[in-house]
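A short worksheet on the structure shown next.
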Amino acid sequence: MNIGDKVRLVHGKEEGVVYRFLAGNIVEIEIEDGFRIPVLRQELVLVSPMEESRLLRKEQPVLSVPGSRDTRSAGPFSAKGIYLAFLPTNDRELSVHFINNTDWIIPFVVYEDKEGKHTGLGSGLLKPRSSQKLHDVWMKDFEQWALYEIQVLFFKDGAGTIPAPFQKKLKCRVQSFYKRKMKAPVLGKDAYVYQLDEDEIKATSAPEKPISAAEIRERMLSPQPAESLEPVTAPQAIIDLHLEKLSPNSGSMSNSDKLTLQLSTFEKQLEKAIAAGMDDITFIHGAGNGVLKTEIHRRLGKNQHVQYFKDAQKEKFGYGATFVKIK
Numbered sequence: 397m398n399i400g401d402k403v404r405l406v407h408g409k410e411e412g413v414v415y416r417f418l419a420g421n422i423v424e425i426e427i428e429d430g431f432r433i434p435v436l437r438q439e440l441v442l443v444s445p446m447e448e449s450r451l452l453r454k455e456q457p458v459l460s461v462p463g464s465r466d467t468r469s470a471g472p473f474s475a476k477g478i479y480l481a482f483l484p485t486n487d488r489e490l491s492v493h494f495i496n497n498t499d500w501i502i503p504f505v506v507y508e509d510k511e512g513k514h515t516g517l518g519s520g521l522l523k524p525r526s527s528q529k530l531h532d533v534w535m536k537d538f539e540q541w542a543l544y545e546i547q548v549l550f551f552k553d554g555a556g557t558i559p560a561p562f563q564k565k566l567k568c569r570v571q572s573f574y575k576r577k578m579k580a581p582v583l584g585k586d587a588y589v590y591q592l593d594e595d596e597i598k599a600t601s602a603p604e605k606p607i608s609a610a611e612i613r614e615r616m617l618s619p620q621p622a623e624s625l626e627p628v629t630a631p632q633a634i635i636d637l638h639l640e641k642l643s644p645n646s647g648s649m650s651n652s653d654k655l656t657l658q659l660s661t662f663e664k665q666l667e668k669a670i671a672a673g674m675d676d677i678t679f680i681h682g683a684g685n686g687v688l689k690t691e692i693h694r695r696l697g698k699n700q701h702v703q704y705f706k707d708a709q710k711e712k713f714g715y716g717a718t719f720v721k722i723k
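Residues 397 to 723 in this note's numbering are what the sequence shown spells out, letter by letter.
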């Protein structure tokens with residue numbers, strides 16, 4: 397379930413579109429006339445693409461008379477849900493897709509910016525619930541990926557309020573990239589997904605308690621007190637990155653997912669060590685074919701908080717561990 401998806405209440409007749417996700421497994425949906433209501437996630441089901449297309453065909457007028465008003469149903473309109481998705485082709489390569497999960501028709505252009513030099517990646521007119529592949533990228537070149545620059549316009553038939561055009565710049569960061577794995581809207585496949593129009597709809601409040609379908613007409617959102625910051629907990633001095641230590645289901649994972657899990661764990665524990673003021677930390681990565689070790693050393697070499705790193709306790713780990721001295 398993603399922003400912009402069309403949904404229906406399990407125990408009601410209301411339909412709407414997903415507007416944002418809130419704490420407590422609550423989803424805020426927008427129904428007719430722009431009215432928004434919070435609903436428990438388990439009280440919602442997705443409207444399938446086939447069902448949606450049938451409904452749209454039923455709503456189309458048979459004749460279009462010049463000067464007449466739009467006769468189509470004024471049902472819920474999905475206004476948010478524009479994404480850039482990085483879809484793994486294999487464990488080394490990804491394809492980049494521009495996705496329109498809204499009810500707008502979207503004219504768009506996408507450029508990549510490398511040190512001020514712009515290269516066009518794609519342009520066109522995306523229909524609702526559609527996507528366009530832009531290009532392919534290699535994981536080994538992650539640090540050299542360009543800045544993405546996206547420009548979008550909005551169009552729909554008939555009268556209504558049209559949002560202003562928007563321009564978005566996106567730079568992928570290692571620390572957050574691997575946390576974005578989810579099922580990509582429209583594509584329906586696991587990918588690393590960025591929502592481009594999320595700035596205006598980030599949740600700033602949450603309901604005090606879950607709201608059932610029977611209460612949605614009477615209850616609205618209540619502000620939630622700001623959460624107190626938790627103290628940083630220092631990690632263990634030695635972090636084992638062997639897959640059997642990280643996940644009980646590692647045997648069923650693809651090579652790409654395995655490496656992603658190991659690197660995200662490495663990044664997270666290194667960040668904790670730096671934030672906690674630790675002097676050093678050791679990562680056990682194993683010798684293997686050296687892919688994980690090479691990538692860890694490459695990232696350590698670029699980290700401004702690392703004073704130096706070296707093979708750790710060769711008599712104990714051989715060449716299967718790295719000692720990191722933190723500034």
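Idealized CB from N, CA, C, for every residue including glycine.
For histidine 681, the three-state secondary structure derived from DSSP is coil. With respect to glutamine 665, proline 644 sits apart: the two C-beta atoms are not nearer than 8 Å. Three or more beta-carbon pairs separated by less than 8 Å are not found between the region 407-425 and the region 571-588, which leaves the two stretches without contact. Rounded to whole angstroms, alanine 560 and phenylalanine 504 show a C-alpha spacing of 13 Å. Beta-bridge partners of isoleucine 722 (DSSP): Val702. Under the DSSP assignment, isoleucine 670 falls in the alpha helix (DSSP H) whose first and last residues are 651-671.
Phenylalanine 705 and glycine 647 have their alpha carbons spaced roughly 30 Å apart. The DSSP-derived three-state label of tyrosine 544 is strand. Boundaries cannot be given for serine 643, as no beta strand (DSSP E) includes it and DSSP labels it neither H nor E. Taken in chain order, the complete alpha helix (DSSP H) segments of 4 or more residues contained in the region 515-580 are 570-573.
At the C-beta level, glutamate 594 and isoleucine 399 come within 8 Å of one another.
Contact between the region 472-489 and the region 410-429 is present, with at least three C-beta pairs closer than 8 Å. Isoleucine 425 counts as buried, since at least 16 other C-beta atoms from the protein chains shown sit within 10 angstroms of its C-beta. For threonine 656, the CB contacts under 7 Å within the same chain, skipping 5 residues up- and downstream, are Tyr574 in chain order. In the three-state scheme derived from DSSP, where H, G and I count as helix and E and B as strand, arginine 488 is classed as coil.
Here histidine 531 is exposed, its C-beta having fewer than 16 other C-beta atoms within 10 Å. In the structure shown, phenylalanine 482 falls within a strand segment according to DSSP collapsed to helix, strand and coil. Counting every other CB atom within 10 Å of its CB across the protein chains shown gives threonine 718 a total of 16 or more, marking it as buried. Judged by beta-carbon spacing, histidine 693 lies beyond the 8 Å limit of glycine 716, meaning their Cβ atoms are not closer than that value. Residues Ala683 of the same chain have their beta carbon placed closer than 7 Å to that of glycine 714, with the five preceding and five following residues left out of the count. In this structure the region 669-679 does not lie against the region 492-512, because fewer than three pairs of beta carbons, one per stretch, are closer than 8 Å. For aspartate 401, the closest alpha carbon among the candidates Ile427, Gly420, Asn421, Ala419 is that of Ile427. When C-alpha distances from tryptophan 534 are compared across Phe551, Asp509, Asn486, the shortest belongs to Asn486.
The DSSP-derived three-state label of valine 414 is strand. For alanine 542 against lysine 510, the beta-carbon gap comes to about 5 Å, under 8 Å, which counts as contact.
For tyrosine 715, DSSP assigns no beta-bridge partner whatsoever. The three-state reading of DSSP puts glutamate 594 in coil, since its state is none of H, G, I, E or B. Per DSSP, the beta-bridge partners of leucine 442 are Val403.
Closest option to phenylalanine 662, judged by alpha-carbon separation, among Arg488, Val720, Ala419: Val720. According to DSSP, residue pairing for lysine 510 in a beta bridge involves Lys513. The distance from the Cβ of isoleucine 546 to that of leucine 592 is about 6 Å, consistent with a contact at the 8 Å cut-off.
Annotation for proline 434: the continuous beta strand (DSSP E) segment containing it runs 432-436. Just measuring C-alpha positions, the residue of Leu440, Lys536, Arg432 sitting nearest asparagine 421 is Leu440.
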